[in-house]
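Shown next, in structure tokens, is the structure this report addresses.
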């Protein structure tokens, strides 16, 4: 009963974490990240100011800040959902500790998640107090995705019956290595995407497939990747020069090509070499998400960053990561095939051991 409850909590936490990530992207793309200039409240309130006396008090207490009720509500709704996720993760950890004597119960990851979501809350506060500084906001995004990934890993580890059939499938160790490498590459690409978004340079290359009308634009790496910036500057809207912004955007495009080739290569290799319906379906899902993500990325530029498409681009990035984690877990569950030379060596060793045993018995 407790295992089923933990699994349900894990599923709910995964869905909520994905929702929080999507809401966070919507808040950022709507320029509502500073809709509430304080934290954890909003203009000193637990909700966005709406009534006349609340608006008057907000303007009095924060004379240098504009009060946008709609933006404030977007930010506060995001905070409400994030707080609910934190409580859900705490409940998961408490249940895990309670069931720690059960060998099938995961304890370490749920406890780590409590610390991670606490750090995520601190990043949310610094996002506001440091005026959406790109380094903090990008770290906030990456930590959110790490939280989602760990929650998903906890969920699939508690869903072992789904992977029982895969244990009879043999895959080469090199495929497992490729799958792990693909996760690293995708994580780096997500960082570049986050850095592009948090620096507001998504339209610094307004044309496609060229950038600023050329194939290789002028770049400025020293300014493009300054991580320790003045925390007193308001970074909403972006502060990078044209060349620095183009550098970030252009690298994100190059990264997209590399990531697409590696992920597509992994998916196609699974499709054509692995005799497992489950893994093949997972690889088809990965390919479908990859094509969708590339299409959304192109549409962002061509259609001048419409919010629904930009938010979807963030959501599909998260789903791509989960699909890749699912493939990795499936490959971990499968058996490793040995190379022919390894098998030959193993056979020789067995034969030698058998001969030695017989000689020993004779002696």
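Residue numbers (my numbering): 4 to 366.
For each residue, glycine too, the CB sits at the ideal point set by N, CA and C.
Exercise. Looking at the structure shown, is residue 134 part of a helix, part of a strand, or coil, going by DSSP?
Worked result: One-based indexing of the chain shown puts residue 134 at position 131. DSSP places residue 134 in coil when its eight states are reduced to three.
Exercise. If we ignore side chains and look at the alpha-carbon of each, how far apart do residue 304 and residue 48 end up?
Worked result: Here residue 304 refers to the residue found at position 301 of the chain shown. Here residue 48 refers to the residue found at position 45 of the chain shown. Going from the Cα of residue 304 to the Cα of residue 48 covers about 38 Å.
For this session: Go ahead and pull the three-state DSSP assignment for residue 17.
Result: For the purposes of this step, residue 17 is taken as the residue at position 14 of the chain shown. Here residue 17 sits in helix by DSSP.
Exercise. Within the chosen definition, does the region 216 to 233 reach the region 173 to 193 through at least 3 CB pairs nearer than 8 Å?
Worked result: no
For this session: Could you check the C-alpha separation between residue 269 and residue 84 for me, to the nearest Å?
Result: Position 266 of the chain shown, counting from 1, holds the residue named residue 269. Position 81 of the chain shown, counting from 1, holds the residue named residue 84. One C-alpha to the other measures close to 35 Å.
Problem set entry | Nearest-angstrom beta carbon gap, residue 191 and residue 150 [assumed within contact, 8 Å] | Counting from one through the chain shown, the residue named residue 150 turns up at place 147. Counting from one through the chain shown, the residue named residue 191 turns up at place 188. About 19 Å separates the two Cβ atoms, so there is no contact after all.
Exercise. Distance, Cα to Cα, residue 256 vs residue 183?
Worked result: Position 253 of the chain shown, counted from the start, is the residue given in the question as residue 256. Position 180 of the chain shown, counted from the start, is the residue given in the question as residue 183. Their backbone Cα atoms lie some 22 Å apart in a straight line.
Exercise. DSSP state of residue 314, grouped into three classes?
Worked result: Against the chain shown, residue 314 aligns to sequence position 311. Residue state, collapsed to three classes: helix.
For this session: State the beta-bridge partners of residue 217 as determined by DSSP.
Result: Counting from one through the chain shown, the residue named residue 217 turns up at place 214. According to DSSP, which records beta bridges pairwise, residue 217 is partnered with 214.
Exercise. What's the gap between the Cα of residue 211 and the Cα of residue 301?
Worked result: Translated into positions along the chain shown, residue 211 becomes position 208. Translated into positions along the chain shown, residue 301 becomes position 298. Each residue's alpha carbon lies about 7 Å from the other.
Problem set entry | Cβ neighbours of residue 308 in the same chain (closer than 7 Å, five flanking residues each side left out) | Within the chain shown, the letter at position 305 stands for residue 308. Same-chain partners within the cutoff: 205 and 206.
For this session: Following the continuous alpha helix (DSSP H) through residue 250, name the residue where it begins and the one where it ends.
Result: Here residue 250 corresponds to residue number 247 of the chain shown, with the count starting at 1. That run of the alpha helix (DSSP H) goes 245 to 276.
Exercise. Rounded to a whole number of angstroms, what is the C-alpha to C-alpha distance between residue 5 and residue 281?
Worked result: Taking the chain shown and counting its residues from 1, one reaches residue 5 at position 2. Taking the chain shown and counting its residues from 1, one reaches residue 281 at position 278. So the alpha carbons of these two residues sit roughly 28 Å apart.
Exercise. With C-beta atoms as the reference, is residue 155 less than 7 Å away from residue 17?
Worked result: Along the chain shown, read from residue 1 onward, the residue named residue 155 stands at position 152. Along the chain shown, read from residue 1 onward, the residue named residue 17 stands at position 14. Cβ distance < 7 Å, so residue 155 and residue 17 count as in contact.
Problem set entry | Candidates 98, 140 and 189, of which the one nearest residue 234 by Cα | On the chain shown, residue 234 is found 231 positions in, with the first residue counted as 1. Residue 234 has its Cα closest to that of 140, out of 98, 140 and 189.
For this session: Have a look at residue 288 and residue 267 and give me their C-alpha separation to the nearest angstrom.
Result: The residue labelled residue 288 in the question sits at position 285 within the chain shown. The residue labelled residue 267 in the question sits at position 264 within the chain shown. Between residue 288 and residue 267, the C-alpha separation is close to 11 Å.
Problem set entry | Distance, residue 290 Cα to residue 283 Cα | Locating residue 283 in the chain shown gives position 280, where the first residue counts as 1. Locating residue 290 in the chain shown gives position 287, where the first residue counts as 1. Distance between the alpha carbons of residue 283 and residue 290 is about 11 Å.
Problem set entry | Cβ-Cβ distance between residue 95 and residue 153 below 7 Å | For the purposes of this step, residue 95 is taken as residue 92 along the chain shown, with counting starting at 1. For the purposes of this step, residue 153 is taken as residue 150 along the chain shown, with counting starting at 1. Contact: no.
For this session: Would you be able to state if there are at least three C-beta pairs under 8 Å between the region 29 to 41 and the region 60 to 75?
Result: yes
Problem set entry | Residues sharing a beta bridge with residue 90, DSSP | As a working mapping, residue 90 is identified with position 87 in the chain shown. Per DSSP, none; premise fails for residue 90.
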